[in-house]
Every structure is written in structure tokens, then in C-alpha cells.
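Heads up, the thing below is written out as C-alpha cells.
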Amino acid sequence: MLVGRVIGTVVSSNKVKSLLGLKMLIVQPVALETQIAVDDYIVCVDDVGAGLGDLVFCAYGSSSRQTDTTRDVASDYSIFGIIDSIDMRGSRVYDKAKEEG
Amino acid sequence: MLVGRVIGTVVSSNKVKSLLGLKMLIVQPVALETQIAVDDYIVCVDDVGAGLGDLVFCAYGSSSRQTDTTRDVASDYSIFGIIDSIDMRGSRVYDKAKEEG
Amino acid sequence: MLVGRVIGTVVSSNKVKSLLGLKMLIVQPVALETQIAVDDYIVCVDDVGAGLGDLVFCAYGSSSRQTDTTRDVASDYSIFGIIDSIDMRGSRVYDKAKEEG
Amino acid sequence: MLVGRVIGTVVSSNKVKSLLGLKMLIVQPVALETQIAVDDYIVCVDDVGAGLGDLVFCAYGSSSRQTDTTRDVASDYSIFGIIDSIDMRGSRVYDKAKEEG
Amino acid sequence: MLVGRVIGTVVSSNKVKSLLGLKMLIVQPVALETQIAVDDYIVCVDDVGAGLGDLVFCAYGSSSRQTDTTRDVASDYSIFGIIDSIDMRGSRVYDKAKEEG
């Protein structure tokens, strides 16, 4: 799954029915170790109530439609979790609590 | 999902049955913040009546077949919404109303 | 969908059952505006009777198996249409009739 | 399938239901011949009890949900095996037993 | 579909059930015209009894699970054919018989 930071929103009133009422967030992919942006943005349906600045993970393709909220949704990327911490090679490289502290 | 601008059409009379009657539009992917073209073109089935110049979002793969219009359609990209506005890091970076004003 | 030109064939006698009797064509992706080759080749199952030199569009993944011919076929790319014309930003950039004329 | 080394973990308490109780590991893709890292990291659901340092293979997309553990899971990458050995062009280029010995 | 040459094997004793008894081969993608390697390796389930040195084609994603052998298999790439010949722009650029002759 892709890891990125929520940095914005996309609003559309003229969209297909299954997307009505769903929030579309802009996620900027980051390098896991540094959380520095590494790529352009992707637009995701939000399934966990993520907010601006949250570090999240997202699933793509048919995998993005595996929850009650996203089943049959006309979207190819969904946010499925907000990240608490990342450990790499024995070190904590991200800690949500500290970032917010 | 991918965000891009509609910039053309592809016409084919010799195509598989499920695509008959569907409009195939050319979408040029853009950077979200500037809406400057970033990539070559993709060809999408249109599910929202998009027109030339519209900024749209598109879903790929099995996700592109999740509406009544696109179910079982022999295509791997569909336009599922016309974008009204994009906000990034607290600023409005795209506003359809202003663009058209 | 990907747009490309048919430039060859792949023949295999030792292949899985569902591919028996199907033609596998080599498609070279092109830039839409100029129809100049932009990438290496892909191998597609042909569903429209395309011939050498035809400009075609192709669908990928599960989308490549959405017709009677291709349902359950063990292939991930199918040619689903021969292109008559391409219009971009108000200009006709490709016209099959003229090319053949 | 992708081959990589397990180098970390991602923890999330606010995630969708189907992921509860599943371990999310960070896998760094490697070149098969040298097992040197070639790319950024991916986040995978673990289905084989892989540990830090293990060389594993991972499946993507709908293929990542083909086991009892992963069926309907909201994730797009799963670890489905720990690698014992890799042979290329007649030479053993990786041997788990020697690495651990 | 991707075309490549079989250049090795991956062995794993600790893998998910549906992969038990299946051979995992390493395929190196090649340029069609010259059959020169163009990319890193992929790991595929073999469905046609391919051997070292064979030029094969492989399907990805859900397409890789469309045969009796591969249905529900936890893998995202399968070898579905051994190539006899490749013709491009009117010339035979690959001929298995000559290569072996």
C-alpha cells in the first residue's frame, strides 16, 4: 500500500451516483523513512475520517473497494488507515504522538 | 484517481459491442496544484457528459466499470466526475467558476 | 486505454487452452497527437480483426476480458477497436481515411 | 511477483475493520541477483509470519487477496512466501541457509 | 502481455497453500525485436512447463489467474505460453527453431 500525507480536497458536484456523499482527499505519497514527499498527488476516497496533515495508507484498484463504504464505489484509491507509527531497521522513524505533541 | 483535462475525442466505428454508443474522450493528466499537463494522454469512456476543457477525475481498471453505464464495458478508464474546486494546504488552487467567469 | 499501432505477431503453439485460436498481435504505443512511437511493444489478444499498420486502442487487466471472445482468456491486454479519427484541441490529428487514401 | 526484504512495520489503530489483527510489514524491493535494494518501500499485509530481514515475495492487486487470511482484506499487497533460495543462469545467487549460518 | 526469457527459479518452503506444488520461475523482460533484456526480473508461476532459456509471454494481475492451474492462486504473474516466433514489420525477428538448431 501507498503511504502519504493528506494535503487537500477535491470537490465535484457533477459526479457518478456511487460517489455522492463520499469525501475525496488529495494524498501526497511520501518516502517512508523521512516522510518527505516523493511524487505527485493521488485523489482518494476517504474511509477513515482522515484530516489534513494525517499520514495515511491507501489501497489501489479492486483492493480499494473492499469495505462496506467502498464496495461498488467508482473510485480506484481509498484511504484505509491513519498511521500511528513506522519502524524501520529497529528505529522509530515516525510517531504520530510526537508529531502532534 | 487521476485528474486531467479533456482535450479531444477518439472515434472508432470498428469496435467491440459494449463500447457502441459510448463517447471516448482524451484526457491529459495534470499536476493538481497548477493544472499544468504532466504526462501523455489517456483515452477514457465518459460517464458524466464531460466537454472539451473540463477538469475531470478518472478511475482505472475494474474501478472504471462500477457504474450502470460502465458495467461490463470493454474499457479500462472512465471519467466519473467534473471537478468544481481543488484545495491544497489551505489554498484554493482550482475553481471552475472562476475559470469560466 | 492505450493507443498504438499494430506492427507484428507473436506465435506460440505451447500455450494455455483459453488462448488457442486467438491471434496475438504486437502493438507499439504511440503519442496521440503525432502517432509517433513512444514506448516498447505490448502483446495483445485481437478482438476486432486488426491488421498490420492499424491504429488501435487496447484495454488492460480485467478490462481486457469484458467481451464474449475474451471472457476468461488468459491474457492481460486486448485490442478492442480500430481508430477512425482523433481530434485534439479542435484539430483532426489523425484520419484513417486520409492515411489510406 | 515482487521480491524484497522485510525492513520494518507500520502500526495503525484507526484503520478499516478487515485489517484489524493483521500485521503490516514494510518490504523493500531488491534486485534478484544481488538482493540490493532497488526501490522505495511498499507496505504489505503479512500472510506467512515473516520477520525483519526475511527475503520474501509479495503479490499485488486482486492477487493479494487469494488466501483465507486475505480474502476481502482492504489491502493491495500481501507477503505470500519466505524465500529459501534463488537460482539464476545456473548459479545460486541467494541461499537463506547460508545467510543465517 | 509481457515477453521475457526464463533465467532462473525461486524456491520457498514457507509459502501460502495455493502455491504449494507450483513452480516459480524468474523471467527477464526483453525487447521484442532484439530479445535483449530491458528490465529487472519478475517472478511468475509457470503454467506451461517452461524451461531455462525459453522465450515466454506472461499475464499480470487477475489475468494471471484465468486457467485451471492458476485459478485462486496467490500470485500476480503467470507464464501462459512459450513463443515459437515473432514477426515485426514483415520480418521474422525471433524463431525458436533456429535458436535451438
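Heads up: the sequence lines are chains F, R, P, E and G, in that order.
Quick note on this note's numbering: the first sequence kicks off at 19 and runs consecutively.
Quick note on this note's numbering: the second sequence kicks off at 19 and runs consecutively.
Quick note on this note's numbering: the third sequence kicks off at 19 and runs consecutively.
Quick note on this note's numbering: the fourth sequence kicks off at 19 and runs consecutively.
Quick note on this note's numbering: the fifth sequence kicks off at 19 and runs consecutively.
No residue lacks a Cβ here, since even glycine has one placed at the ideal position from N, Cα and C.
Predicted, not measured: the structure shown is a model, and the values here were computed from it.
Pair within 7 Å by beta-carbon distance, residue i and residue j
i, j, result
"SER36/R", "ALA92/R", "yes"
"TYR112/E", "GLN53/E", "yes"
"LEU73/F", "ILE97/F", "no"
"VAL21/F", "LEU50/F", "yes"
"ILE25/F", "ARG107/R", "yes"
"THR27/R", "LEU38/R", "no"
"ASP90/R", "SER82/R", "no"
"GLY79/G", "GLY79/E", "yes"
"VAL63/E", "THR85/F", "no"
"ASN32/F", "VAL56/R", "no"
Where residue i falls: helix, strand or coil (DSSP)
i, result
"ALA68/E", "coil"
"ALA115/R", "helix"
9 Å Cβ cut-off: residues of chain G touching residue i
i, result
"VAL24/E", "Correct list: empty, because the minimum Cβ distance to chain G is about 13 Å."
Beta-bridge pairing of residue i - partner residues as DSSP gives them
i, result
"ILE60/G", "VAL45/G"
"VAL74/P", "GLY22/P and ILE100/P"
"SER109/R", "MET106/R"
"LYS33/E", "GLY99/F"
"VAL28/P", "MET42/P and ILE104/G"
"ALA92/G", "Answer is none; ALA92/G lacks a bridge partner."
Amino acids of chain R, ordered along the chain, whose beta-carbon sits closer than 7 Å to that of residue i
i, result
"ALA115/P", "Result: empty, since nearest Cβ-Cβ is about 11 Å, beyond 7 Å."
"VAL63/P", "Correct list: empty, because the minimum Cβ distance to chain R is about 12 Å."
"TYR95/F", "MET19"
Neighbour list for residue i in chain P, Cβ cutoff strictly below 8 Å
i, result
"THR52/R", "None at all; the shortest Cβ gap to chain P is about 19 Å."
Proximal residues of chain E, C-beta to C-beta of residue i below 8 Å
i, result
"GLY79/G", "TYR78, GLY79, SER80 and SER81"
"ALA55/G", "Here the premise fails: no neighbours, minimum Cβ distance about 11 Å."
"GLY20/G", "Per the sequence shown, residue 20/G should be read as Leu rather than Gly. Within 8 Å Cβ-Cβ: nothing; LEU20/G doesn't reach chain E, min ~13 Å."
Where residue i meets chain F, residues with beta-carbon distance less than 7 Å
i, result
"LYS143/E", "Since the first residue shown for chain E is 19 and the last is 119, residue 143/E is missing from the structure and cannot be characterised."
"TYR59/E", "LEU50"
Chain G contact residues for residue i, given Cβ-Cβ distances below 7 Å
i, result
"VAL91/P", "GLN84"
"THR27/P", "ASP105"
"LEU37/P", "PHE98 and GLY99"
Contacts of residue i in chain E (Cβ-Cβ under 9 Å)
i, result
"ASP72/G", "The contacting residues do not exist; ASP72/G stays about 13 Å from chain E at best."
"SER103/G", "Chain E residues near SER103/G: none, gap ~24 Å exceeds 9 Å."
Within chain F, the residues that residue i reaches when beta carbons sit closer than 9 Å
i, result
"LEU43/E", "Those within 9 Å of LEU43/E in chain F number zero; the least Cβ separation is about 10 Å."
beta-carbon residue i near the ligand HEM non-hydrogen atom, thresh 6 Å
i, result
"ILE104/P", "Within the structure as shown, the ligand HEM is missing, as the structure has no ligands at all."
7 Å Cβ cutoff, residue i in contact with chain B
i, result
"SER109/G", "Considering every chain present, this structure includes no chain B. Its protein chains are F, R, P, E and G."
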